[in-house]
Amino acid sequence: MDREFGLKLKSIVDHGFSANLASQSSFSVSSQVELNFELQIHHDSESLEFIIHLRCYAAESELVHYTSKVSTEFQISDFSERYQKETAIMDIPDESGVVMLSVAISHARAITTKNLAGTVYFEQPFPLRQSKRYLA
Numbered sequence: 326m327d328r329e330f331g332l333k334l335k336s337i338v339d340h341g342f343s344a345n346l347a348s349q350s351s352f353s354v355s356s357q358v359e360l361n362f363e364l365q366i367h368h369d370s371e372s373l374e375f376i377i378h379l380r381c382y383a384a385e386s387e388l389v390h391y392t393s394k395v396s397t398e399f400q401i402s403d404f405s406e407r408y409q410k411e412t413a414i415m416d417i418p419d420e421s422g423v424v425m426l427s428v429a430i431s432h433a434r435a436i437t438t439k440n441l442a443g444t445v446y447f448e449q450p451f452p453l454r455q456s457k458r459y460l461a
């Protein structure tokens, strides 16, 4: 199961993702998406928050069609044991991190679909743009 989540995440990083869009959408097949991941540690609520900044671009252009910020928060049961104050690192198992990112990306996909489509007619692929700010 964990491996399956990892493969899904790798596939998204390598190939982008698809969203169901209305046929009257102005997006072309070569529209691209830029995803930037950010992780925040919240001490007060003992949780981690994955934030995804998502931008949809017109094909071969710097024109931004759509931008969104998606955040997904996860409660950490043994927060004090996993957080290392000296290095400000949260020690979480790799499979948990992959699941968290997968959920955050799913939210980004859902919001993209909601904001770009009225009625669902077809699936639109979005390849990822190359970006120095992109982290995975």
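If you count by our numbering, then the sequence shown holds residues 326 to 461, one letter each, in order. Every residue gets a Cβ at the ideal spot worked out from N, C-alpha and C, and that includes glycine.
If I measure Cβ to Cβ from residue i and keep anything under 7 angstroms in the same chain, skipping five residues before and after, which residues do I get?
| i | result |
| --- | --- |
| HIS367 | GLU374 |
| GLN365 | GLU374 and ILE376 |
| LEU460 | For LEU460, the predicted model reports a pLDDT of 38, less than 50, meaning its position is unreliable and no value from the coordinates is stated. |
In the DSSP assignment, find the unbroken alpha helix (DSSP H) run with residue i in it and report its ends.
| i | result |
| --- | --- |
| GLU406 | 404 to 407 |
Measure how close the beta-carbons of residue i and residue j come, nearest whole angstrom, since I'm counting them as under 8 angstroms.
| i | j | result |
| --- | --- | --- |
| GLU363 | PHE404 | That belief does not hold up - the Cβ atoms of GLU363 and PHE404 are roughly 19 angstroms apart, past 8 angstroms. |
What does the Cβ neighbour count give for residue i, buried or exposed, with the cut at 16 atoms within 10 Å?
| i | result |
| --- | --- |
| ARG458 | Bear in mind that a pLDDT of 41 at ARG458, under 50, signals an unreliable position, so the model cannot answer this. |
| GLU406 | exposed |
In chain order, what residues of the same chain have a beta carbon less than 6 angstroms from the beta carbon of residue i, not counting five sequence neighbours either side?
| i | result |
| --- | --- |
| GLU398 | SER372 and GLU374 |
| SER396 | GLU374 and ILE376 |
| LYS394 | HIS378 |
To which residues of the same chain is residue i closer than 8 angstroms at the C-beta, ignoring the five residues directly before and after it?
| i | result |
| --- | --- |
| SER402 | none |
| GLN400 | SER370, GLU371 and SER372 |
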